[in-house]
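Working notes, structure below.
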Amino acid sequence: MVWRRKPAGRIGAPGAGHHTPHRWLLALALAAATAIALPLVFFSLLVVWTFDRWIRPRSPLFRWLD
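Residue numbers (my numbering): 4 to 69.
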């Protein structure tokens, strides 16, 4: 698959491609439906979102890795 998307005559990874906003809406709707149906998924998503938004940016270890 990479060879099909690789730019001809150039070295490097292929471009990200054209992503439509409909895919993001579909993924968001699927995550919301799963979170409503399974409360543990909701709490897991909440924990990951909290970690990503509040804890990771303030940690010196993650600042060093960025």
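Think of the CB as a built atom: it goes at the ideal place given N, C-alpha and C, for glycine as much as any other residue.
Do you know offhand how far Trp27's Cα is from Thr37's? As a first step, residue 27 must be located in the sequence shown, where it is residue number 24. As a first step, residue 37 must be located in the sequence shown, where it is residue number 34. The straight-line gap from Cα to Cα measures roughly 15 Å.
Own chain residues within Cβ distance below 8 Å of Leu48, not counting five before or after: On the sequence shown, position 45 is the one that residue 48 refers to. In the same chain as Leu48, and ignoring 5 residues on each side of it, the C-beta atoms closer than 8 Å to its own belong to Ala34 and Ala38, in chain order.
Measuring only the C-alpha atoms, how far is Ala32 from Ile58? Position 29 of the sequence shown, counted from the first residue, corresponds to residue 32. Position 55 of the sequence shown, counted from the first residue, corresponds to residue 58. C-alpha separation (whole angstroms): 26 Å.
Spatial distance of Thr53 from Pro24 (CA atoms): Counted from its first residue, the sequence shown places residue 53 at position 50. Counted from its first residue, the sequence shown places residue 24 at position 21. Their Cα atoms are separated by approximately 24 Å.
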